[in-house]
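J.: Quick note, this note's numbering runs 1299 ahead of the 1-based positions in the sequence shown. Backbone N, C-alpha and C define an ideal beta-carbon position, used for all residues, glycine too. From a predicted model like this one, the values you see are computed outputs, not experimental measurements.
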Amino acid sequence: MRPGVNDRGFSLIELLVAMSLFAVVVTVVGSIIVSALTADRTVRDVTGSTTDGQLVVNVIEETVRNSTAVSIDPDADGSSIFAVARTTAGGAARCQAWFYDNEVGTIFERSSAVAIVPPAPGSVSTDWTAISSGVAPIVDNSGTAVPVFALDGTRGLAVSFSVDGGAGVSSLFITTVTGRAPQSNVSPTCF
């Protein structure tokens, strides 16, 4: 008995065409999945760097707004910067300091009831708390690095830096905050 027309199955050509179409579909779907995973990683990196930078800015803004005096020392090593504020946030007056260590790309924070001395770049003691890493100064259009901390008037602090988000993406942070408490640098003298 001869097989009917509908009982013959696929020819070799039909099978090769079907396999080629399947390979194209698998390649397209695979490319879409890889692109989605890459985009997801980039979004997570940017979100992490943005969160780190916002933490730094929020901590500094809250403290400087309640400060009675602000000072900076930009000469720690020529690129690291030390900023200190005498603040009354949370009740008693205290010294609050931030240090950008260019050698490790990190912003550190410290609070004390007495004056705080700038640490040596690259060897910050355990008295300091790292609040963000992957930090770098912003470079302006002329190729000059903008200081991470700079005085703004007599009572203000300008903060500008970028946080590396990995995957080649950085988040920029530029803000200025001014102290609102009555001006004073006594008991404790912070600088």
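#1: Output needed for Pro1417: all residues of its chain with C-beta closer than 7 angstroms, excluding positions within five of it in sequence on either side, in chain order.
#2: Measure the C-alpha to C-alpha separation of Pro1487 and Arg1364 and round it to an integer number of angstroms.
#3: Excluding the 5 residues preceding and the 5 following Thr1428 in the sequence, name in chain order all residues of the same chain whose CB lies nearer than 6 angstroms to its CB.
#4: What span of residues does the alpha helix (DSSP H) with Ile1331 cover, start to end?
#5: So, with DSSP's three-state summary, where would you put Phe1407?
#6: Tell me the DSSP secondary structure of Arg1385 in three-state form.
#7: Give me the Cα-Cα distance between Ala1384 and Thr1349, rounded to the nearest whole angstrom.
#8: What is the C-beta distance between Ile1437 and Ser1461, in whole angstroms, given that I count them as a contact (C-beta under 8 angstroms)?
T.: So, from the data block:
#1: Against the sequence shown, residue 1417 aligns to sequence position 118. Once the five neighbours on either side are set aside, the close Cβ partners of Pro1417 are Asp1372, Ala1375, Phe1381 and Phe1398.
#2: Reading the sequence shown from its first residue, position 188 is the one you call residue 1487. Reading the sequence shown from its first residue, position 65 is the one you call residue 1364. The straight-line gap from Cα to Cα measures roughly 18 angstroms.
#3: Start at 1 with the first residue of the sequence shown, and residue 1428 comes out as number 129. Excluding positions up to five away in sequence, the list reads Glu1408.
#4: Locating residue 1331 in the sequence shown gives position 32, where the first residue counts as 1. Where Ile1331 is concerned, the enclosing alpha helix (DSSP H) stretches over Leu1311 to Arg1364.
#5: Along the sequence shown, read from residue 1 onward, the residue named residue 1407 stands at position 108. Phe1407: strand per DSSP, three-state reduction.
#6: Counted from its first residue, the sequence shown places residue 1385 at position 86. Three-state result, Arg1385: strand.
#7: To locate residue 1384, count along the sequence shown from 1; it is residue 85. To locate residue 1349, count along the sequence shown from 1; it is residue 50. Ala1384 and Thr1349: Cα-Cα distance of roughly 25 angstroms.
#8: For the purposes of this step, residue 1437 is identified with residue 138 of the sequence shown, where counting begins at 1. For the purposes of this step, residue 1461 is identified with residue 162 of the sequence shown, where counting begins at 1. About 6 angstroms separates the Cβ atoms of Ile1437 and Ser1461, confirming a contact at the 8 angstroms cut-off.
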